[in-house]
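Chemist: Got a structure for you, questions after.
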Amino acid sequence: MNTGQRISLLREKKHQSQAELAKTLGIAASTVGMWETNKRKPSSKMLKKLSVLYDVSIDYLLGNDSTTDKTPSEVDIADPKNDTIMTFEGRPIPPEDLEIIKRLLRGGKHDD
């Protein structure tokens with residue numbers, strides 16, 4: 002299922018018309034129609050709004066994930082083999098700040 006089909010499916014599940022969705026997003030109804038027919042792609046800003054509105058992940062909207070679940074996987078940041086890039090508000094957390102966060106989570110104790 003492509004992005005346009007997913008937007009259409011989610012919109013119809015909420016019993017919304019294209020015009021109603023467009024009004025909610027502050028865009029023209031024709032834009033929603035173009036998305037749903039895959040003639041245009043939603044911007045990242047619109048994908049975020051759709052994600053919040055329909056309570057799905059952006060990956061789901063883009064067709065990268067078959068589940069609508071927005072819950073991220075659990076990651077143990079204390080694991081030294083963990084190479085996951087931690088982010089806050091979309092920006093990577095610098096390693097020195099991540100060490101401070103880990104220390105706070107341990108109750109202020111150092112690794113010594």
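Numbering (our numbering), first residue to last: 2 to 113.
Glycine is no exception: its CB is placed at the ideal position from the N, C-alpha and C atoms.
In terms of residue numbering, what span does the alpha helix (DSSP H) encompassing Ile101 cover?
Modeler: Pro96 to Leu106 is the extent of the alpha helix (DSSP H) around Ile101.
Chemist: Around the C-beta of Gly108, are 16 or more other C-beta atoms found within 10 angstroms, so that it is buried, or is it exposed?
Modeler: Gly108 should be labelled exposed.
Chemist: Taking 8 Å as the threshold (C-beta atoms), are Lys50 and Leu26 in contact?
Modeler: Contact flag set, yes.
Chemist: So for Thr38, helix, strand or coil by DSSP?
Modeler: If DSSP states are grouped into helix, strand and coil, Thr38 belongs with coil.
Chemist: Just to confirm before moving on: does the CB-CB distance between Leu62 and Arg7 stay below 8 Å?
Modeler: Their beta carbons are under 8 Å apart, which means Leu62 touches Arg7 by this criterion.
Chemist: Please work out which residues of its chain come closer than 7 Å, Cβ to Cβ, to Gly34, disregarding the five sequence neighbours upstream and downstream, and give them in chain order.
Modeler: The residues are Gln19.
Chemist: Are the beta-carbon atoms of Ser9 and Glu37 separated by less than 8 Å?
Modeler: It is a contact, given that the beta carbons lie within the stated cut-off.
Chemist: Taking Asn39 as the reference, which of Phe89, Ser52 and Met2 has the closest Cα?
Modeler: Among Phe89, Ser52 and Met2, the Cα nearest to that of Asn39 is on Met2.
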